[in-house]
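*Asks:*
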Amino acid sequence: MPTPVLFSSEKSAYLVDLIAQHLSCNCRHGSIIRRQFSDGEQYYRIDMKSCHDSSSKTTCGSPLSKIDDLEDRVTIYVSALVDDRDFLELFRVGCTMSSLGAKKRIFVIPFLGYSTMERAVKPGECVTAKENARMLSAIPSTGSGNIFLLLDLHVSGILHYFEGPCLRLEMYAESILVEGIKALNLDSEIVDGRETRFMFASADLGRAKWVETFAQMFHTDLAFISKKRNFEHTEVHAVIGDVDGRAVIIYDDMTRSGGTLMNAATAYLERGASKIYSVLSHFALCSETVIDELLASQITTLITTNSHPMSQHPLVKDHPDRFVVMDVSKVFVDRIRWSLDG
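Take 1 as the starting number for the sequence shown in UniProt numbering and just add one per residue.
1. Mind pulling the beta strand (DSSP E) runs of 3 or more residues that sit fully within the stretch 79–151?
2. If you draw a straight line from the C-alpha of glutamate 170 to the C-alpha of valine 331, how long is it?
3. Can you give the Cα-Cα distance for leucine 280 and arginine 168, rounded to whole angstroms?
4. With distances taken from CA atoms, which of Thr3, Thr116 and Ala223 is nearest isoleucine 76?
5. Under 7 Å Cβ to Cβ from leucine 184, same chain only, skipping five residues before and after it: list those, please.
6. Evaluate contact between the stretch 104–117 and the stretch 75–91, counting only Cβ atoms and requiring at least three cross-stretch pairs below 8 Å.
7. Residues in the same chain with beta-carbon distance under 7 Å from alanine 129, minus the five sequence neighbours each way, listed in chain order, please.
8. Give me the Cα-Cα distance between alanine 223 and arginine 197, rounded to the nearest whole angstrom.
9. Since leucine 295 contacts histidine 319 with CB under 8 Å, what's their CB separation in whole angstroms?
10. Look at the alpha carbon of arginine 335 and the alpha carbon of glutamate 270, and state the distance between them as a whole number of angstroms.
11. Alpha carbon to alpha carbon, what distance is there between asparagine 306 and isoleucine 19?
12. Should cysteine 27 go down as buried or exposed, given a rule of 16 or more other Cβ atoms within 10 Å for buried?
13. Closest by CA to methionine 48, which one among Ser31, Gly241, Gly40 and Glu41?
14. Can you have a look at histidine 154 and say buried or exposed, based on whether 16 or more other CB atoms are within 10 angstroms of its CB?
15. Give the range of the alpha helix (DSSP H) segment to which isoleucine 181 is assigned.
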């Protein structure tokens, strides 16, 4: 099979480099030229002339001198889909890869935006997660087709919103997060003269199965929070479970404004928890302000993955004792290898 070619969105360039390192094969980095016209229109061009070996940023090995050198190659495009621009770029670049004759297109999507809009609650609401999946499904499935690799979806049923012959798979960050949890070395604490184990808890009832999975894995107790939500505003309704004197690890699939997470931390502390830790699949913060708020919060350590570009923010890197960012690229690599061999 011809050498696979790696591409990424600008936001996810850090992740495509890590995937290339773990693949340990003779991959090429392709380049996408991006421009914006004065009226806001976006321009994209796949530029094969500036490709380079995955092991070097400055050399190109055997040059791929023509734009049609994508023909019969496997292309790998890596992008966290954070906003509309990311979705449209993936769609447009994916269609271009098909028209240039790429044999197979693998789309690595570590974070899927709009995943909380997976159903209509009020009459007339757009099910945006479904419409986005239908749009991506429309990328021409030429050659050996399209493969979409996603990570820790907010709702696994989103996979069924994709249409047609494309292959869509959900990867899991569980093993990576478990490594981070074990590194905390929380086995037990002495509180008021008695030994207590840490326990897992939820930020709301939506992640109950995940919390239960972690609790079973570590043989701990668990607790839950029931909350009320009004659009983006949430408030704690009730705490279910005894957290008194316990170190509590809150799991949630993502945080954006940080409100649900920090409200949960406060609720558990008010009910006697000794310390609060947090584990997140996606560090999907909406602004730098949220990082400041998390730093000022009573969360001792937050473990997350590098699925979202905000995990690379300088403030996060400047506080490694508060933010532990686990590399999730390894989760995708085994599946990519299988697809390259297939």
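A virtual CB, placed ideally from N, CA and C, is assigned to each residue, including glycine. Since the model is a prediction, treat every value here as computed from it, not as a measurement.
*Replies:* Taking the coordinates as given:
1. 104–109 and 146–151
2. 10 Å
3. 23 Å
4. Thr3
5. Tyr277 and Thr301
6. With a cut-off of 8 Å on Cβ pairs, the stretch 104–117 is in contact with the stretch 75–91, counting three or more such pairs.
7. Tyr114, Ser115, Met117, Glu118, Ile158 and Tyr161
8. 13 Å
9. 6 Å
10. 44 Å
11. 12 Å
12. buried
13. Measuring from the Cα of methionine 48, the nearest candidate turns out to be Ser31.
14. buried
15. 174–183
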